[in-house]
Each structure stands twice: as structure tokens, then as C-alpha cells.
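>
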Amino acid sequence: MNPTLDAILRRMVARSFPELKRHRVAIEYGELERDTCFFYGLDSGRYNITVSNCLRPAPRRVLEGGIAHELSHILRDSRLGPWQRELAFARYARSSAYRMRDERGTELLQIDRGYGPQLLAFVSYAKTSGFHFTSEHGLLRGDISRRLYVQKRTRPAYNEGSSR
Ligand SMILES: [Zn+2]
Numbered sequence: 004m005n006p007t008l009d010a011i012l013r014r015m016v017a018r019s020f021p022e023l024k025r026h027r028v029a030i031e032y033g034e035l036e037r038d039t040c041f042f043y044g045l046d047s048g049r050y051n052i053t054v055s056n057c058l059r060p061a062p063r064r065v066l067e068g069g070i071a072h073e074l075s076h077i078l079r080d081s082r083l084g085p086w087q088r089e090l091a092f093a094r095y096a097r098s099s100a101y102r103m104r105d106e107r108g109t110e111l112l113q114i115d116r117g118y119g120p121q122l123l124a125f126v127s128y129a130k131t132s133g134f135h136f137t138s139e140h141g142l143l144r145g146d147i148s149r150r151l152y153v154q155k156r157t158r159p160a161y162n163e164g165s166s167r
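Encoded structure:
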């Protein structure tokens, strides 16, 4: 267990993904495939997030962007029953159209939870570091910026800590 990653994760769950408090979620650095920065898997009822070793030097904001993305995947998937989830995973593996829809829905949820700016920081960092992204990885930068602009004008974000 990495204490820094774990602390970031716990804080994010407590503040912005309270539904996940009752689930077991673990996080660790590890070796991932090329062009994969974050990954999550489900193993005997525990969600395991792996952060690519390439991101060890990344600033916290960038890590938060990727972790929020994985937490959003987990939140969506945790709403499915075991059989539905099996089906969703199989579709994700097989269909690029499904992946695109799933990634998009995930990032909209992430933005909704207040992690749009961190998502943008992560996408920029990954691009600068030479990772290659397409729309199968989620929203593109212009898209994220536009949504953030709209969000700022409509309501405060979950994780800004404002009392309301
Ligand atoms: Zn994703």
C-alpha cells in the first residue's frame, strides 16, 4: 500500500464519492500497458485501482484527475448486479462504440462530481508525457473545457467545500 495514494483516495471518496464508502477500494502503483495510465479491476469483492509507475512524478492534481475517473467507473459499475456487470465488461472489451459511450458517461459523472479541472490537468499531463489518447479514452480536451465553462455558470461543484 502506498500511503500517499491511499490518503488521496480516502479523501476523495469521503468528500465526493460517499456512495463508495461501503465498498472496499484499494490503490497501488504498478506496471501497466503502454498508453494506460490508470486501471481498475474487481477481485473477490474488492475494487483495485492501479496507477501506472510512469505517474510517480505526477503532481497531486493530475493523480486526482485519474483517480476520480476510476472512482466514477467504479461508482457506475457498482450499481450493476454481478451478471449485468459481467455483460458490461464483456461489451467494453469487444466494442469500441460501447467503450466510447462508457468512457464518456464516466467523465461526465467525474465532471459532475467536481473533478473536471483535475481531469483536464491529467489529460494535459498525459499528453505532454507522450501518452496517446483518442475519444475511446473519454472526452477530449475542448469538450471538457466547454463543459466546465457551463458548469461554472450553473452551479458550484461538489468538492469545492462551499457550504450550501
Ligand atoms: Zn476510463
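Count the sequence shown with my numbering and you get residues 4 to 167, in order. Using N, Cα and C, we set each Cβ at its ideal position, and we do this for glycine too. Computed from a prediction, not measured in an experiment: that's the story for all the values here.
#1: Can you say whether VAL153 is buried or exposed, counting buried as having 16 or more other CB atoms within 10 angstroms of its CB?
#2: Among GLU34, ASN56 and ALA71, whose alpha-carbon lies nearest the alpha-carbon of VAL28?
#3: Cβ of THR109 within 6 Å of any heavy atom in ligand 1?
#4: Is there contact between the region 58-66 and the region 124-131, where contact requires at least three CB pairs shorter than 8 Å?
#5: Would you kindly report the start and end of the unbroken beta strand (DSSP E) that includes GLY44?
#6: Assuming THR7 contacts GLU31 (C-beta within less than 8 Å), just tell me the rounded distance between them.
#7: What residue ranges within the region 19-84 form continuous alpha helix (DSSP H) runs of no fewer than 4 residues, ordered along the chain?
#8: Just to check, is the beta-carbon of GLU106 closer than 6 Å to a non-hydrogen atom of ligand 1?
#9: Put SER165 into one of helix, strand or coil per three-state DSSP.
According to the structure data:
#1: exposed
#2: ALA71
#3: yes
#4: yes
#5: 41-46
#6: Not quite, the Cβ-Cβ distance comes to about 11 Å (not below 8 Å), so this is no contact.
#7: 63-81
#8: yes
#9: Its pLDDT being 42, under 50, SER165 is placed unreliably by the model, and nothing is read from it.
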